[in-house]
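For the record, the sequence lines run as chains Z and D. Sequential numbering from 974 applies to the first sequence in this note's numbering. Sequential numbering from 974 applies to the second sequence in this note's numbering.
2 protein chains.
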Amino acid sequence: MRSGAKTTELRLIPVAGIPLIEPGTDLVSLICEITENQGPALRDGDVLVLAQKIVSKAEGRYVDLATVEAGERALALSNDVQKDPRLVEVILRESRQVLRHKANVLIVEHRLGFVLANAGVDQSNVDPRRGAEPVLLLPEDPDKSARLLHEGLRRRLNKNVAVIVNDSLGRAWRLGTVGVALGAAGLPALRDLRGQPDLYDRPLQVSETGFADEIAAAASLLMGQADEATPVIVVRGLTWPAKASSAAQLLRDAKDDLFR
Amino acid sequence: MRSGAKTTELRLIPVAGIPLIEPGTDLVSLICEITENQGPALRDGDVLVLAQKIVSKAEGRYVDLATVEAGERALALSNDVQKDPRLVEVILRESRQVLRHKANVLIVEHRLGFVLANAGVDQSNVDPRRGAEPVLLLPEDPDKSARLLHEGLRRRLNKNVAVIVNDSLGRAWRLGTVGVALGAAGLPALRDLRGQPDLYDRPLQVSETGFADEIAAAASLLMGQADEATPVIVVRGLTWPAKASSAAQLLRDAKDDLFR
């Protein structure tokens, strides 16, 4: 046993009764009220995983396509990818560069470094009252969102609750989206096990694990894509080394990446 | 709520006391004996996640590098990637093609379609009694391994227990390994939510989720890389549509993949 976590049962507990989120919602207050009244009461060492979408909604990250004018580049690209030129314009504004595109597919490097389809700009589950043709962007800075939530929970509850902002992203090589961490606070996003002995007491070779991503994927199992009733999950039973890091640590440097 | 799973708590329970696995071990008997005696008693609807390594060990998938002669191609490539030419020879035998390589990095398409480093050939946690310089290959056919375990558990316990064989793999774009499903039986590896209404009753756009991969990642949180005491995890509380599929369904066709 290298860590107490490994013999402990892990529990993932949905926080029931999260309402549709309006811009300006104080998520710390909302989550504290719900968990204090209906449970689960948050504990030191819990990880709170929030769906990106509710964080974006609370931050009011809507853009109304009806107000967007597509530039030349968006017009040309929209033809290739068969998407609304105004949507492509919004995607380009959120992106550092386009990595791949073909009909119905537009893979970009987001301005924050995430590689994902459509820069995370989403037309599903977007509140239609937010404009004539509203779309929703990723949070402005998901690591900062996670940090503010982590600090807010500590202030309000005097508990050390780690926070992950997750989203379901597509992948190279494999089909299906999986939950990944866009933002993290209060835990190490990446865990370095290199140098630890293996079972036969030789040093382990490659052992950096995407800890926050695995937690994000686990929580995603309970969130469901079309179900905003469970966008907040409590993960209980993990332990980790004291040193925390942001989810930005999970991003491979473009220059070291053989697949972009 | 689209599914009963979403309101239910999810539990991940390590199966304690799994010994070091020898070639020929009957994993069904071993797991039944341990779970019957010490718990957790397996139930209908449980998912049993097994680390690839114990499945490979039970299948005796050892190769002794001392018996391997590197061919010309392996010799040339080993120079570029700075690995033992005999190890590179074994990796090439397990692979359809080399996708990328540089010093210390060798990314291949495995003969079964997985894209991963070193074709999954592993020198860590390998029983040193299995040869002068033993390495361990992936299971011969992890979907078949999962199916045999699934059927064996049904026969022995008269319970419907889904099975996933997982491994920790690296990824494009992001650092850190995450658990993925190499084999699956008794559940849909990929779940297609397309066509379901979103929160505001419009059709969801892209909603195929890597269900088995998210379960594999969740279980990986409890397994630990250097800790073979917890290579078997019970995941309890998920529900899924009746239609099961193998993990091969998670593999993107090479011709549709923009990143290989």
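Beta carbons: idealized from backbone N, C-alpha and C, even for Gly. These figures come from a predicted structure and were not determined experimentally.
From the options, residue whose alpha carbon lies closest to that of residue i
i, options, result
"residue 1099 of chain Z", "Z:1025, Z:1125, Z:1090, Z:1056", "Z:1025"
"residue 1009 of chain D", "D:1139, D:1188, D:989, D:1053", "D:989"
"residue 1219 of chain Z", "Z:1197, Z:1182, Z:1136", "Z:1136"
"residue 1042 of chain Z", "Z:1115, Z:1018, Z:1061", "Z:1061"
"residue 1091 of chain D", "D:1118, D:1106, D:1131, D:1050", "D:1050"
"residue 1212 of chain D", "D:1128, D:1071, D:1188", "D:1188"
"residue 1034 of chain Z", "Z:1229, Z:1108, Z:1072, Z:1142", "Z:1108"
"residue 999 of chain D", "D:1104, D:1126, D:983, D:1144", "D:1126"
"residue 1221 of chain D", "D:1088, D:1214, D:1094, D:1146", "D:1088"
"residue 1228 of chain Z", "Z:1082, Z:1095, Z:1128, Z:1145", "Z:1082"
"residue 1151 of chain Z", "Z:1055, Z:1194, Z:1215, Z:1117", "Z:1194"
"residue 1103 of chain Z", "Z:995, Z:987, Z:1224", "Z:995"
"residue 1075 of chain Z", "Z:1055, Z:1059, Z:1086, Z:1094", "Z:1055"
"residue 1131 of chain Z", "Z:1206, Z:1014, Z:992", "Z:1014"
"residue 1226 of chain D", "Z:1164, Z:1144, Z:1039, Z:1066", "Z:1144"
"residue 1039 of chain Z", "Z:1101, Z:1217, Z:1160", "Z:1101"
"residue 1059 of chain D", "D:1021, D:1080, D:1037", "D:1037"
"residue 1052 of chain Z", "Z:1063, Z:1072, Z:1077", "Z:1077"
"residue 1106 of chain D", "D:1063, D:997, D:1027", "D:1063"
"residue 1216 of chain Z", "Z:1147, Z:1160, Z:1002", "Z:1160"
"residue 1114 of chain Z", "Z:1086, Z:1072, Z:1233, Z:1097", "Z:1086"
"residue 1002 of chain Z", "Z:1121, Z:1232, Z:1117, Z:1203", "Z:1121"
"residue 1044 of chain D", "D:1066, D:1023, D:1031, D:997", "D:1066"
Coil, strand or helix - residue i by DSSP
i, result
"residue 1216 of chain D", "coil"
"residue 995 of chain D", "coil"
"residue 1072 of chain Z", "strand"
"residue 987 of chain D", "strand"
"residue 1028 of chain D", "helix"
"residue 977 of chain D", "For residue 977 of chain D, the predicted structure reports a pLDDT of 38, less than 50, and the residue's modelled location is therefore unreliable. A value from the coordinates is still provided. Correct three-state label for residue 977 of chain D: helix."
"residue 924 of chain Z", "Absent from the structure is residue 924 of chain Z, since the part of chain Z shown begins at 974 and ends at 1233."
"residue 1042 of chain D", "coil"
"residue 1112 of chain D", "coil"
"residue 1231 of chain D", "coil"
"residue 1186 of chain Z", "helix"
"residue 1181 of chain D", "strand"
"residue 1129 of chain Z", "helix"
"residue 1120 of chain Z", "helix"
"residue 1015 of chain D", "coil"
"residue 1221 of chain D", "helix"
For residue i, the first and last residue of its enclosing alpha helix (DSSP H)
i, result
"residue 1049 of chain Z", "1045–1054"
"residue 1058 of chain D", "1058–1066"
"residue 1204 of chain D", "Segment: none, residue 1204 of chain D is in no alpha helix (DSSP H) and carries neither H nor E."
heavy atom of the ligand ZN below 6 angstroms from residue i C-beta
i, result
"residue 1041 of chain D", "Of ligands this structure carries none, so the ligand ZN is not represented either."
is_contact[residue i, chain A] using C-beta, thresh 7 angstroms
i, result
"residue 1048 of chain D", "The structure shown contains no chain A; its protein chains are Z and D."
Delimiting residues of the beta strand (DSSP E) encompassing residue i
i, result
"residue 1157 of chain D", "1151–1158"
"residue 1082 of chain D", "1078–1083"
"residue 1021 of chain D", "1020–1024"
"residue 1136 of chain Z", "1135–1142"
"residue 1001 of chain Z", "That residue, residue 1001 of chain Z, is in no beta strand (DSSP E); its alpha helix (DSSP H) goes 1000–1011."
"residue 1090 of chain Z", "1088–1090"
"residue 1036 of chain D", "1035–1037"
Integer-rounded CB distance, given that residue j should sit under 8 angstroms from residue i
i, j, result
"residue 1234 of chain Z", "residue 1158 of chain Z", "Residue 1234 of chain Z lies beyond the range of chain Z shown here (974 to 1233); nothing can be said about it."
"residue 1149 of chain Z", "residue 1186 of chain D", "6 angstroms"
"residue 1192 of chain D", "residue 1139 of chain D", "6 angstroms"
"residue 1190 of chain Z", "residue 1156 of chain Z", "15 angstroms between Cβ atoms; not a contact."
"residue 1142 of chain Z", "residue 1153 of chain Z", "5 angstroms"
"residue 1111 of chain D", "residue 1180 of chain D", "In fact, because the Cβ distance is near 30 angstroms, the residues do not count as touching under 8 angstroms."
"residue 1068 of chain D", "residue 1084 of chain D", "6 angstroms"
"residue 985 of chain D", "residue 1205 of chain D", "Between residue 1205 of chain D and residue 985 of chain D the Cβ distance is about 11 angstroms, and since that is not below 8 angstroms, they are no contact."
"residue 1210 of chain Z", "residue 981 of chain Z", "5 angstroms"
*Near-chain D residues of the segment 1036–1062 of chain Z (beta-carbon distance less than 9 angstroms), N- to C-terminal order*: Flagged: no residues at all.
_Within 8 angstroms of chain Z by C-beta, residues of the segment 1134–1160 of chain D in sequence order_ = Within the segment 1134–1160 of chain D, the qualifying residues are 1141, 1143, 1144, 1145, 1146, 1147, 1148, 1149, 1150, 1151, 1152, 1153.
*Residues from the segment 1212–1228 of chain Z in contact with chain D, defined by Cβ distance under 8 angstroms*: Under the 8 angstroms Cβ criterion, the segment 1212–1228 of chain Z contributes 1222, 1223, 1224, 1225.
_Along the segment 995–1021 of chain D, where does the CB come closer than 7 angstroms to a CB of chain Z? Name the residues._
Residues are counted here when their Cβ sits less than 7 angstroms from a Cβ of chain Z; for the segment 995–1021 of chain D the count is zero.
*Near-chain Z residues of the segment 1099–1121 of chain D - C-beta to any C-beta below 8 angstroms*: When C-beta distances to chain Z are compared with 8 angstroms, the residues of the segment 1099–1121 of chain D below that value are 1099, 1100, 1101, in chain order.
*Could you name the residues of the segment 1184–1198 of chain D whose beta carbon sits closer than 9 angstroms to any beta carbon of chain Z, in the order they occur along the chain?*
Of all residues in the segment 1184–1198 of chain D, 1184, 1185, 1186, 1187, 1188, 1189, 1190, 1191, 1192, 1193, 1194, 1195, 1196, 1197, 1198 have a Cβ within less than 9 angstroms of some Cβ in chain Z.
*Would you list, in chain order, the members of the segment 981–993 of chain D that have their beta-carbon closer than 7 angstroms to a beta-carbon of chain Z?*
Residues are counted here when their Cβ sits less than 7 angstroms from a Cβ of chain Z; for the segment 981–993 of chain D these are 982, 983, 984, 985, 986, 987, 989, given in chain order.
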